[in-house]
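S.K.: Residue numbers (the numbering used here), protein chains in the order written: chain P, 6 to 85; chain G, 29 to 356; chain S, 18 to 426; chain F, 3 to 337. The beta carbon of each residue, even a glycine, is placed where N, CA and C say it ideally should be. Small disclaimer: the values here were computed from a predicted structure and weren't measured.
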Amino acid sequence: MTDAEIRQLAAELLSDIAPETDPSSLPGDRDIREELDIDSMDFLNFIVALAKRTGLAIPEEDYPRLFTMDGIAAYVGEKS
Amino acid sequence: MSDKPHLGREHGQHLYRQMLRIRHFEAKCAELYQAQKIRGFLHLYDGEEAVAVGIMETLEDRDSVVATYRDHGHALARGLPMGPLMAEMYGKVEGCARGRGGSMHFFDRERRFFGGNAIVGGGLPLALGIAMADKEFETGGLAACFFGEGAAGEGEFHESMNLAQLWELPVLFVCENNLYAMGMPLELAEAETEISRKAAAYRMAGEAVDGMNPVAVESAARRAVEAIRAGNGPYFLECRTYRFRPHSMFDAQLYRTRDEIEVWKERDPIPRTLAWLQENAMITPDELAAIEAEVEAEIEDAVAFAENGTWEDVADLEKFVLMDEVQA
Amino acid sequence: MMPSLGADMESGKLVKWLVEPGSTVKKGDVIAVVETHKGAFEIDIFQEGTIAELCAKEGEELPVGALLARIGAPGEKPAKAEPAPPTVEEKPAPPPPAVEPPAPPAEKPEPTGSKAVPAKAPAGRAGRAKISPVARRRAGELGIDPAALEGTGIDGSVTLVDVELAASRSRPAERPGPTSSEKRRAGFDPDQMRQAIAAAMSKSKREIPHYYLSTTIDMTRALGWLEAYNRERPPEKRLLPAVLLLRATALALKAHPQFNGFWEDGSFHPGEGIHVGWAIALRGGGLIAPAIRDVDMLSPGGLMEALRDLVGRARAGGIKGSEMMDPTVTITSLGDRGAESVLGVIYPPQVAILGFGKVVERPWVVDGKIVARPLVAASLAADHRASDGHAGGLFLSAIDRHLQEPETL
Amino acid sequence: MNEQTGTPGTNRMTYREACRQAIRHALIDDSRTFLMGEDVGLYGGCYAVSKGLLQEFGPGRIRDTPLAEAAFVGAGIGAAMAGMRPIVEIMTCNFSLLALDQIMNNAATIPHMSGGQFAVPLVIRMATGGGRQLAAQHSHSLEGWFAHIPGLKVLVPGTIEDARFMLKAALADPNPVLIFEHIVLYNEEGELDPEVEEVDIAKARVRRPGSDVSILTYGNSLPKSLEAAEELAKEGMEAEVVDLRVLRPLDNATIFDSVSRTRRCVIVDEGWKSGSISAEIAARLAEDVFFELDAPIRRVCSREVPVPYAAHMEEAALPQVGQIVEAARGLVGAR
C-alpha cells in the first residue's frame with residue numbers, strides 16, 4: 006500500500022467510528038484521539054478494523070505509534 | 029302669571045326658547061328612537077321642562093349639577109351643547125360621554141355636570157360629597173341635585189337629607205314630583221305624599237312649587253340659592269310637575285288615564301308661557317318664528333353632528349375602567 | 018333501538034326490516050335498513066336471541082334511541098299479534114347497538130388507611146391514567162406514552178418527574194411524527210437527552226444527600242496482567258482496562274451490597290443482581306448509562322464482549338429500554354484521556370456511582386522508594402441515606418484489593 | 003402617643019399602629035384628605051385605628067358620620083370627583099353592603115361611563131375577616147366579592163409594612179381603592195424596615211421562596227401560610243408563599259411565575275370557595291398555565307357557612323394551618 010492508500014484506509018475506518026468527522030482533512034501530526042474525540046473503546050475498534058484490513062497483528066505496545074495519521078502511515082508502511 | 033310682574037321681555041323669551049329646545053329636541057329623539065338611531069332606554073322629559081329651565085337659570089358656572097336618568101332637560105338647560113348630547117344617544121365617540129353612557133348618563137366635566145344617574149336616589153350622596161368639596165375649597169358653589177319623588181322611598185334619600193342638614197352642606201335638592209315612580213302612583217308609595225314635608229323632618233328649609241311654571245320655579249330657586257349661598261345649609265324644592273309621555277318608550281301607561289294626561293296638558297308650560305308672552309306683547313310673530321327656526325336649526329345641526337360622528341374604537345373598550353390620572 | 022350513527026344524527030327512517038318476529042339473530046346480523054340524512058345504513062345487532070316483536074313500522078321516522086324491536090332469549094316465543102299491555106315488559110329493552118365499549122369492571126375498593134401507598138389504578142373515568150398536564154405535555158415532547166408509566170404523584174398520577182426519569186432511562190426513538198433528522202442522530206435527540214439528563218441530575222442533587230470518598234489505586238499489577246493477556250490475543254480479543262475496573266467493582270459490591278440497589282419510598286432496596294450502568298458519552302454530547310447485567314458473573318472476555326456490544330449499540334441508538342432501567346449502580350470511567358478524577362452524581366433512585374479518572378504515571382512510594390507508577394483516582398459518590406462513609410471507605414478498599422489481584426478477576 | 007405605639011424610638015409597631023400612622027401621614031401630607039366614617043372620631047375607631055387623630059386633626063379632618071353607609075360612602079365618592087382625597091372607613095365589611103350601590107354603581111362605573119371625565123380618587127378602608135368570635139354579621143371576608151368589580155382596586159395588607167404604606171399608594175392612585183384590614187392582624191406586631199418608605203399596589207410578593215409548592219394567599223391567611231410552610235419544611239418540602247396583596251387587578255405574572263416553577267399550588271383564602279377570588283385564581287391558572295401543572299390545584303377556604311360565634315365552631319369554619327399543611331402535603335404524592 007502506498008502512503009496515500011494507507012491514509013485513505015485509516016480515514017475510512019475512522020469515519021466509521023466517528024461518522025460526523027472528516028478524518029481525511031486531519032493534519033497528519035495531530036492526535037486522532039483528541040481531534041476526533043474517540044475514546045479507548047473507539048480506538049480499540051479502530052485497531053481491530055485496521056488489523057483486519059491490513060493483516061497486521063498490531064501488538065498493544067505499538068498503539069502509541071498509531072495516535073497520528075503520520076504515525077499510522079509510517080507504521081503500516083513499515084510493517085507491510 | 030301676573031304674580032311675576034318683573035319678568036322682562038328678553039328673559040321671558042329666553043325661558044320659552046329653553047323649554048322649546050328641550051321639547052323639540054326630545055320629539056326628535058323619539059322619532060330617531062323609532063328609526064332605531066337611538067337605542068336603550070329613552071326617558072323623555074316632556075311636560076317637565078319648566079323645572080330644569082327654572083332651576084338652571086339660577087345656577088352659576090361654579091355650581092354643580094347631579095341629574096337623573098331623565099337628564100336631557102337638565103343637560104340642555106345647563107348649557108351642554110346639543111350636538112354631543114345627540115351624538116351620545118347615537119352612541120358615538122363624539123358624545124358627551126364618548127357613547128359610553130347613552131341617554132341616561134350625560135356627563136360634562138367642564139360644565140360641572142356630574143352625570144345622569146340611573147339608580148333612583150343614587151345621586152343624592154354624590155351631591156353631598158361635591159358640596160363638601162365646595163365647602164372645603166371655599167368655592168362658594170353649590171350642588172343642585174335632581175331626583176324624582178320615587179327617590180323618597182329610598183334609604184339613600186333619607187340618609188342624604190339628614191347628613192346634608194347635619195353638616196349644613198350647600199346642596200339644592202330638587203324633587204321633580206311627577207306623581208309616578210315609573211308606574212307607581214305617589215299615593216300608593218308614600219305615607220306622606222307631600223314630599224316637601226319630609227325635608228321639614230330633617231329641619232331642612234324647603235317648599236313646594238308649581239313645576240309647570242318656569243317663572244315660579246325660577247323664583248323659588250332664587251330664594252333657595254340665596255339661602256344656600258348665605259351659608260344656611262341645604263334647601264329642598266319640591267316641583268310639582270307631570271310627564272306627558274310614557275315613562276320610557278316601551279310603556280303602555282296602564283297606570284293612568286288619558287283624561288288625567290289631558291287635564292295636565294292644559295297646564296303645559298310651553299304653550300302657557302307663549303300665551304302669556306303674547307298676551308303681554310312680549311313677543312312678536314317674527315320673534316317667535318325666529319326662535320322656532322333657531323331651535324329647529326340647532327336640532328338639525330345636532331342630528332347632523334351625531335350622524336357624522338364616529339364609533340369608538342373597540343380597542344378602547346377597557347379604557348378608563350381604571351384611570352391613569354385625575355384630570356386637573 | 019334506533020342507533021346513533023353519527024354525532025349529528027338525530028333521527029332515522031326505518032326503510033326495511035330484514036327479519037321478522039321469530040327470526041333467530043346473532044351478533045353481527047343485519048336486521049334492518051335505516052335511512053338518514055347521510056344516506057341508508059344497514060343496522061346490525063350486538064345480541065343473540067329471537068326477534069320477539071318488531072316495534073317500528075317500515076317507513077316510520079324515529080328519533081335516536083326509539084325502540085325498533087324487542088329481542089327475546091334464544092328460542093323464546095314471539096309475542097302474540099295483539100300488542101301486550103304496555104306496562105308489562107317481559108324483558109328490558111335491549112341495549113342500543115352502538116359502538117360503546119363495555120362498562121369497565123368495577124374497581125376493587127382500595128384498602129383505606131394505607132396513605133403511603135399510591136393508588137396505582139387511578140379512580141378517574143373508565144380507568145384512564147392520571148397524568149398531570151405538564152407531564153402530558155412533556156411526554157408528548159419526548160415521544161413517550163405517559164399512560165404506560167408508573168405514577169408517583171398524587172393519587173398515583175404520572176408527574177413531570179416520572180416522565181423525565183422514564184425519558185432518561187429509555188430510548189426516545191419511537192417518537193411519533195416528523196423528526197428533524199438534522200438534529201437527531203442514532204435515535205437520540207440531543208435536546209431531549211439534555212432535558213432528561215437535566216431532570217435526572219437535578220432531582221439527584223435536590224433529593225440525594227451525596228457524600229464523596231476517593232482513593233488512589235496503583236494499577237501496575239492490573240495493567241501488567243492486562244498487557245500479558247492482550248499480548249497473546251488478536252486485537253478483537255483484547256481487553257480494555259475498563260473490564261478490570263468493572264469486575265473489581267462488581268466483586269467488591271458483592272461484599273458491600275448496600276451500594277447496589279435503590280432508595281425508594283424512604284428506604285433502601287437492594288438490587289437483584291449486580292447490573293452496572295456504564296456511563297457512555299455519546300459523540301457530540303450527551304450521556305447514557307445502560308446496564309451490563311450480572312457483571313459479577315461474567316468472565317473478563319465475556320464482559321469485554323458485552324461492553325463492546327453495549328457501546329456499539331449506544332452509539333448507534335440501539336439500546337433497549339430495559340437496559341436503561343436495569344442498573345443497580347453506575348460507573349463512570351474517563352478512560353485513557355480526560356481528567357484525572359471524577360466525582361459522580363448519583364442516578365436516582367440508585368444509591369452509588371463509582372468514578373475512575375484516567376490512568377496517569379505519577380511518583381509512588383513503594384517499599385520506601387519513590388517510583389513511577391500508573392495510578393488511577395477512584396471515587397465513590399454515595400447516598401448518605403442508604404450508607405455511611407465508613408462503609409464507603411471499606412468498599413473502595415475492596416475495589417483496590419481486587420485490582421491488585423487481577424488474575425482473580 | 004398611646005399604648006399601641008410600641009417601643010418608642012424604634013420601628014416596632016402593631017398593624018393597628020401602622021394603619022394609624024398611615025392615616026396620620028396622609029392627613030399631614032395632603033390637605034385634601036380627610037377621614038370619614040362611623041365612630042372614627044370621638045370613639046377612636048371601632049378597632050381603635052383612628053384613636054387620637056380627632057384630637058390632632060379636629061372634626062373637619064376626622065369626621066364622625068351617622069350610621070348611613072350609603073350617604074357617607076357616596077359623599078366620599080362625590081368629594082373625590084370634586085377634587086378631594088377622602089379616606090372613608092366602613093366599620094366592617096359586612097356593613098359595606100349598605101353602601102354597595104354607591105361603590106358598585108357610582109365609584110366603579112362613573113370613570114368609564116363618563117368617558118374618562120370623572121376619576122374617583124377615593125380610598126375606602128374596611129375591617130374584614132373572622133377569628134374574634136364576632137359571629138356572622140361581623141366576621142366575613144368580602145374582599146373577593148369586591149374584586150369582582152371592574153373599576154375598583156382591592157388591597158389586602160397582610161404585613162405591618164403594607165398596613166403602613168399601602169394607604170399612601172392608594173391615595174396617590176386616581177381610582178377607587180378598597181383596603182381590607184384583617185381584624186386579627188390589628189394586634190400583630192412587627193419591625194418596619196427603616197429603609198422602606200413606600201410600597202407598590204400592583205404586585206404580589208413572594209414572602210417565602212420555595213420550590214415544591216406555591217401557597218397563594220393574603221391577609222390573615224398569610225401568617226397561617228408561612229407557619230404551614232415552616233411545618234412543611236420540617237418534612238423536607240419547600241413551600242413558596244406568595245402574598246397576593248392586590249386582589250384586583252390580580253398580579254398574574256407573579257402568580258403564574260411561581261406556580262410554573264413549583265408546578266403545584268394551594269390557594270388559601272378566608273373567603274368562601276364558591277364564586278370566590280380563590281376560584282378566580284384557580285381558573286386563571288387553569289386557563290393560562292395548565293400545562294405547567296403537575297398536580298391538581300388545591301384550595302383551603304372558609305367552610306360554606308355563616309361564621310358562627312362559638313370559638314371551636316369559628317375555628318372549624320376558618321382556614322387553619324393544619325389544613326394548609328395537609329393540602330400541600332397531599333399534592334406531592336408518594337415521591
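Is it the case that the Cβ atoms of G:CYS203 and G:LEU104 are separated by a distance below 8 Å?
M.R.: Residue numbering aside, residue 203 of chain G sits at position 175 when the second sequence is read from its first letter. Residue numbering aside, residue 104 of chain G sits at position 76 when the second sequence is read from its first letter. No, they are not a contact pair.
S.K.: Could you check whether the stretch 225 to 242 of chain S touches the stretch 389 to 397 of chain S, counting it as contact only if at least three pairs of C-beta atoms, one from each stretch, sit closer than 8 Å?
M.R.: Cβ pair count under 8 Å is three or more, so yes.
S.K.: Take S:GLY303 as the anchor and find which of S:ALA272, S:GLU249, S:SER284, S:ALA215 has the nearest alpha-carbon.
M.R.: Start at 1 with the first residue of the third sequence, and residue 303 of chain S comes out as number 286. Nearest C-alpha to S:GLY303: S:ALA215.
S.K.: Is the separation between the beta-carbon of F:ALA72 and that of G:GLU218 shorter than 8 Å?
M.R.: Mapped onto the fourth sequence, residue 72 of chain F falls at position 70. Mapped onto the second sequence, residue 218 of chain G falls at position 190. No. Outside cutoff.
S.K.: Counting pairs of beta carbons, one from the stretch 155 to 164 of chain F and one from the stretch 98 to 108 of chain F, are three or more of them closer than 8 Å?
M.R.: No, the stretch 155 to 164 of chain F does not touch the stretch 98 to 108 of chain F.
S.K.: Express the C-alpha separation of G:GLY178 and F:GLU233 in angstroms, rounding to a whole number.
M.R.: Start at 1 with the first residue of the fourth sequence, and residue 233 of chain F comes out as number 231. Start at 1 with the first residue of the second sequence, and residue 178 of chain G comes out as number 150. Rounded to whole angstroms, F:GLU233 to G:GLY178 spans 60 Å at the Cα level.
S.K.: Which residues does DSSP pair with G:TYR263 in a beta bridge?
M.R.: The count along the second sequence starts at 1 and reaches residue 263 of chain G at position 235. The partner list for G:TYR263 (beta bridge, DSSP) reads G:LEU200, G:ALA233.
S.K.: Under 8 Å between the Cβ atoms of G:GLY101 and G:ALA115?
M.R.: On the second sequence, residue 101 of chain G is found 73 positions in, with the first residue counted as 1. On the second sequence, residue 115 of chain G is found 87 positions in, with the first residue counted as 1. In this structure, G:ALA115 does not lie closer than 8 Å to G:GLY101 by Cβ.
S.K.: Using CA coordinates, which residue listed in F:GLN139, F:ALA313, F:ARG207 is at the minimum distance from F:ASP259?
M.R.: The sequence position of residue 259 of chain F within the fourth sequence is 257, counting from 1. Taking only the C-alpha atoms, the option nearest F:ASP259 is F:ARG207.
S.K.: As a quick exercise: from G:LEU216, G:LEU282, G:PRO112, pick the residue whose alpha carbon is nearest that of G:GLU335.
M.R.: The count along the second sequence starts at 1 and reaches residue 335 of chain G at position 307. G:GLU335 has its Cα closest to that of G:PRO112, out of G:LEU216, G:LEU282, G:PRO112.
S.K.: Note down, in chain order, every chain F residue with its Cβ under 8 Å from the Cβ of S:VAL151.
M.R.: Residue 151 of chain S sits at position 134 when you count from the first residue of the third sequence. Result: ARG265, PHE293, GLU294, LEU295, ASP296.
S.K.: Return helix, strand or coil for F:PRO321, following the three-state DSSP convention.
M.R.: Counting from one through the fourth sequence, the residue named residue 321 of chain F turns up at place 319. In the structure shown, F:PRO321 sits in coil (DSSP, three-state: anything other than H, G, I, E or B).
S.K.: Between the alpha carbons of S:GLU244 and P:GLU65, how many angstroms are there, rounded?
M.R.: Locating residue 244 of chain S in the third sequence gives position 227, counting from the first residue. Locating residue 65 of chain P in the first sequence gives position 60, counting from the first residue. In a straight line, the C-alpha of S:GLU244 is about 7 Å away from that of P:GLU65.
S.K.: What are the residues that DSSP puts in a beta bridge with G:ASN273?
M.R.: Looking up residue 273 of chain G in the second sequence gives position 245. Reading the sequence as shown, one finds Arg at residue 273 of chain G and not Asn. The partner list for G:ARG273 (beta bridge, DSSP) is empty, contrary to what the question assumes.
S.K.: Using beta-carbon positions only, say whether G:VAL253 and G:VAL245 come within less than 8 Å of one another.
M.R.: By one-based count along the second sequence, residue 253 of chain G stands at place 225. By one-based count along the second sequence, residue 245 of chain G stands at place 217. Contact flag unset, no.
S.K.: Along chain S, in chain order, which residues have C-beta atoms closer than 9 Å to that of P:PRO32?
M.R.: For the purposes of this step, residue 32 of chain P is identified with residue 27 of the first sequence, where counting begins at 1. Under the 9 Å cutoff, chain S gives no residues; its nearest Cβ is about 19 Å from P:PRO32.
S.K.: Using three-state DSSP, classify F:PHE182 as helix, strand or coil.
M.R.: To locate residue 182 of chain F, count along the fourth sequence from 1; it is residue 180. Of the three classes helix, strand and coil, the one that applies to F:PHE182 here is strand, per DSSP.
S.K.: Here's the rule I'm using: 16 or more other beta-carbon atoms within 10 Å means buried, otherwise exposed. How should F:LEU69 be labelled?
M.R.: Counting from one through the fourth sequence, the residue named residue 69 of chain F turns up at place 67. Per the 10 Å Cβ criterion, exposed.
S.K.: How many angstroms separate the CA atom of G:LEU154 from the CA atom of F:GLN325?
M.R.: For the purposes of this step, residue 154 of chain G is taken as the residue at position 126 of the second sequence. For the purposes of this step, residue 325 of chain F is taken as the residue at position 323 of the fourth sequence. Rounded to the nearest angstrom, the two C-alpha atoms are 45 Å apart.
S.K.: Leaving aside the five residues before and after S:ASN277 along the sequence, list all residues of the same chain whose C-beta is less than 6 Å from its C-beta, in chain order.
M.R.: Reading the third sequence from its first residue, position 260 is the one you call residue 277 of chain S. Counting only Cβ-Cβ distances below 6 Å, and skipping sequence neighbours, we find LEU270, GLY288, ILE291, THR345, VAL346.
S.K.: Measuring only between beta-carbons, confirm whether F:VAL217 sits less than 8 Å from chain G.
M.R.: Position 215 of the fourth sequence, counted from the first residue, corresponds to residue 217 of chain F. What sits at residue 217 of chain F in the sequence shown is Ile, not Val. With 8 Å as the cut-off, F:ILE217 does not count as an interface residue toward chain G.
S.K.: With a Cβ-Cβ cutoff of 8 Å, do S:ALA395 and S:LEU371 count as a contact?
M.R.: Stepping through the third sequence from its first residue, residue 395 of chain S is reached at position 378. Stepping through the third sequence from its first residue, residue 371 of chain S is reached at position 354. Yes, these two residues count as a Cβ contact at 8 Å.
S.K.: Compute the Euclidean distance between the alpha carbons of P:ILE49 and P:ILE63, then round it to the nearest angstrom.
M.R.: Numbered from 1 along the first sequence, position 44 holds the residue referred to as residue 49 of chain P. Numbered from 1 along the first sequence, position 58 holds the residue referred to as residue 63 of chain P. Looking at the sequence itself, residue 49 of chain P is Leu, so the reference to Ile does not match. One C-alpha to the other measures close to 11 Å.
S.K.: Is the stretch 39 to 50 of chain F close to the stretch 119 to 129 of chain G, with three or more CB pairs under 8 Å?
M.R.: Too few Cβ pairs lie closer than 8 Å, so no.
S.K.: Rounded to the nearest angstrom, what separates F:SER141 and G:HIS133 at their Cα positions?
M.R.: Translated into positions along the fourth sequence, residue 141 of chain F becomes position 139. Translated into positions along the second sequence, residue 133 of chain G becomes position 105. The alpha-carbon atoms of F:SER141 and G:HIS133 are separated by roughly 37 Å.
S.K.: Tell me the rounded alpha-carbon separation between S:TRP242 and S:GLU424.
M.R.: The residue given as residue 242 of chain S occupies position 225 in the third sequence. The residue given as residue 424 of chain S occupies position 407 in the third sequence. S:TRP242 and S:GLU424: Cα-Cα distance of roughly 7 Å.
S.K.: Is there a Cβ of chain G sitting closer than 8 Å to that of F:GLY212, yes or no?
M.R.: Translated into positions along the fourth sequence, residue 212 of chain F becomes position 210. No - not a single Cβ of chain G is within 8 Å of the one on F:GLY212.
S.K.: Where does F:MET86 sit, in a helix, a strand or coil, going by DSSP?
M.R.: The count along the fourth sequence starts at 1 and reaches residue 86 of chain F at position 84. In the structure shown, F:MET86 sits in coil (DSSP, three-state: anything other than H, G, I, E or B).
S.K.: Using 8 Å for Cβ pairs, my map puts P:ARG58 next to P:LEU14. What's the rounded Cβ distance?
M.R.: Working through the first sequence from its first residue, we reach residue 58 of chain P at position 53. Working through the first sequence from its first residue, we reach residue 14 of chain P at position 9. Confirmed, about 6 Å.
S.K.: Taking C-alpha atoms, which residue in P:ILE22, P:ASP75, P:ALA9, P:GLU10 lies nearest to S:ARG300?
M.R.: Residue 300 of chain S sits at position 283 when you count from the first residue of the third sequence. Minimum Cα distance to S:ARG300 is reached at P:ILE22.
S.K.: Comparing the C-beta of F:ASN96 with each C-beta of chain G, is any distance below 8 Å?
M.R.: In the fourth sequence, the residue the question calls residue 96 of chain F occupies position 94. Chain G, which has no Cβ nearer than 8 Å to the Cβ of F:ASN96, makes this no.
S.K.: What residues are listed by DSSP as bridge partners for S:TRP34?
M.R.: Here the question's residue 34 of chain S lines up with position 17 in the third sequence. In DSSP, S:TRP34 forms a bridge with S:ALA49.
S.K.: With DSSP as the reference, identify every bridge partner of S:GLN367, one or two as the case may be.
M.R.: For the purposes of this step, residue 367 of chain S is identified with residue 350 of the third sequence, where counting begins at 1. Paired residues: S:PHE279.
S.K.: Okay, do the stretch 284 to 299 of chain F and the stretch 229 to 243 of chain F touch, 3+ Cβ pairs below 8 Å being the bar?
M.R.: Verdict: no, contact absent.
S.K.: Check each candidate in F:ALA235, F:GLY78, F:LEU194, F:ARG247 and name the one with the smallest Cα separation from F:PHE182.
M.R.: As a position in the fourth sequence, residue 182 of chain F is number 180, starting the count at 1. Per the Cα distances, F:ARG247.
S.K.: With a 10 Å radius around its C-beta and 16 neighbouring C-beta atoms as the bar for buried, classify F:PRO225 as buried or exposed.
M.R.: Here residue 225 of chain F corresponds to residue number 223 of the fourth sequence, with the count starting at 1. Buried: at least 16 other Cβ atoms inside 10 Å.
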